[in-house]
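> Just dropping this structure here.
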Amino acid sequence: MPDIDTIVVATDGSESVRRAVDAALDLAERFDAAVHALYVVDSGEVDSSPETVRDQMRHALQERGGEAIVQVQKRADRDVTAVVREGRPANEIADYAREIDADLVATGTRGRHGENRFLIGSVAERVVRTCPVPVLTVRQLEGENGGGPGGAPA
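Using numbering that gives the first Met the number 0, the first residue of the sequence shown is number 0, and each one after it goes up by one.
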């Protein structure tokens, strides 16, 4: 079995990502691996908003990213490197994994925008197709909260 020294946990703060966070942290514990929590501000989401609110939206999404990462850090029993980037989420996740020479990327299959989407066409699928390292996708179990207003972020 190959060593896992560095794990990237891609999070968007949604409840549906919590199982992926837990799985990644469990693997990090077993392999004594470094953990990087990555949140990507979706530049397409920012660019498609009215120009008058883009800066506010970017700032709000960066804050959401910081909160999502804090939630990962709270769940971990080790130091977690916090990273917030901006761009196309799948591209940024794959690029970051390459930059830090990660051994594994962990992500949920449904995120903040995908509660009703199929995996096909999702960020998770694009990460699986483009990431240079193995990708662990963790689906939400039936009956678990989809991460609406009452859901706790991952």
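Note that CB positions come from ideal geometry on N, CA and C, so glycine has one too.
Bear in mind the structure is a predicted one, so any value in this text is a computation, not a measurement.
1. Counting only the same chain and skipping the five closest in sequence on each side, list residues whose C-beta sits under 8 Å from that of residue 120.
2. Which residues bound the beta strand (DSSP E) around residue 107?
3. Just to confirm the assignment: which complete alpha helix (DSSP H) runs, minimum length 4, are found wholly within the segment 56-111?
4. From the DSSP output, which residues share a beta bridge with residue 2?
5. Beta strand (DSSP E) containing residue 36: first to last residue?
6. Around the C-beta of residue 66, are 16 or more other C-beta atoms found within 10 angstroms, so that it is buried, or is it exposed?
7. Take residue 80 and list the residues in its own chain whose beta-carbon comes closer than 8 Å to its own, dropping the five residues that flank it on each side.
Let me lay it out:
1. Translated into positions along the sequence shown, residue 120 becomes position 121. Legend: pLDDT at residue 120 = 45, less than 50; position of this residue unreliable, value from coordinates given subsequently. Cβ neighbours of residue 120 beyond the five flanking positions: none.
2. As a first step, residue 107 must be located in the sequence shown, where it is residue number 108. Where residue 107 is concerned, the enclosing beta strand (DSSP E) stretches over 103-107.
3. Complete alpha helix (DSSP H) runs here, min 4: 88-98.
4. For the purposes of this step, residue 2 is taken as residue 3 along the sequence shown, with counting starting at 1. For residue 2, which the question treats as bridged, DSSP gives no partner whatsoever.
5. Numbered from its first residue, the sequence shown carries residue 36 at position 37. Element bounds for residue 36: 33-41.
6. Residue numbering aside, residue 66 sits at position 67 when the sequence shown is read from its first letter. Residue 66 is exposed by the Cβ-count criterion.
7. For the purposes of this step, residue 80 is taken as the residue at position 81 of the sequence shown. Hits under 8 Å: 33, 34, 35, 36.
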